[in-house]
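With positions in the sequence shown counted from 1, the corresponding number in our numbering is that position plus 838.
Quick reminder that beta carbons are idealized off the backbone N, C-alpha and C, glycines included.
As the structure is a computational prediction, the values presented were derived from the model and not from experiment.
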Amino acid sequence: MSKAKPTILVVNDDGITAPGIKALIEAMADIGRIVVVAPDSPQSGMGHAITIGKPLRFDKVDLYEGIEMYKCSGTPVDCVKLAVNLVFKGQKPDLCVSGINHGLNNSINVLYSGTMSAAVEGAIESIPSIGYSLDDFTQEANFKPCIKYVKEIALQVLEHGLPVATLLNVNFPAGNDLKGIKICRQANAKWAEEFDRRMDPHNRPYYWLTGVFQTNDNGEDTDVWALDNNYVSVVPVQFDMTAHHAIPILNGWKFND
């Protein structure tokens, strides 16, 4: 008896019509039966936001022949929650893949990313999950060099599984010269942010967020180093945010009982 094809949930944060999710759909369709649940409009930078206090729209759509697809008016995390509860009805898929995001989600960006938060929500639901991102924000982004790695990493996760409460953050440098895969740690880097003050037609000020990404880490085992050197970075991440190393320090404090 042949083994049944795996069921794969495909999500993203750039919206259901984004070129990146189309590339991910095409890659995953070669591996198993896919179900797509994605926002009806771009939701970048939403982090792990969920919709509370207003209704969610959830509609079946027919964008690609033979693919079961739904659009959601909420956040990427809402998409995963609705997929688990309404589409799969508690029967978890074998894999959740998110992306392919337009723009990197390396280092500290993992905290802001809607793409990665959707994958985190999959992991919270005990679904093996992967987030994919490419260093190209344009609608003309070339995803072709990524596809073989997208497939290879997904197949490895399906074969081996992932450690409990762990998911993968995968980032691709732009271009055709990918040297291979590096298993990395998250680099110590952050955004040095500024707010550009401008005036609207009514002479009222508004602010536009800008900034520069600053790396304070010279390690050659980081995602930033890997991407700068044309490697695909793979960082295992977790949603348990406990700083375990700090517990003994805090236990040494003297509290007034």
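Residue range 1061-1066 is occupied by the alpha helix (DSSP H) that includes Trp1063.
For His940, there is no enclosing alpha helix (DSSP H); the enclosing beta strand (DSSP E) has its first and last residue at 933-940. Under the 8 Å Cβ criterion, the segment 985-999 does not count as touching the segment 1029-1042, having fewer than three qualifying pairs. For Thr1048, the number of other beta carbons within 10 angstroms of its own is below 16, and it is reported as exposed. Cβ neighbours of Lys843 within its own chain (closer than 7 Å, five residues either side excluded): Gly870, Arg871. Distance from the Cα of Glu963 is smallest, within the candidate group Leu920, Leu862, Leu949, Ala861, for Leu920. For Cys1022, the secondary structure class from DSSP, reduced to helix, strand or coil, is coil. Between Val935 and Val1075, the gap from beta carbon to beta carbon reaches 9 Å or more. Taking C-alpha positions only, Lys909 is separated from Lys898 by approximately 6 Å. In the structure shown, the three-state DSSP call for Asn980 is coil. Out of Ala992, Ile890, Thr1053, Ala867, the CA that lies nearest to the CA of Asn947 is found in Thr1053. In this structure, the beta-carbon distance from Asn1009 to Asp973 falls below 9 Å. Beta-bridge partners assigned by DSSP to Lys1028: Gln1052.
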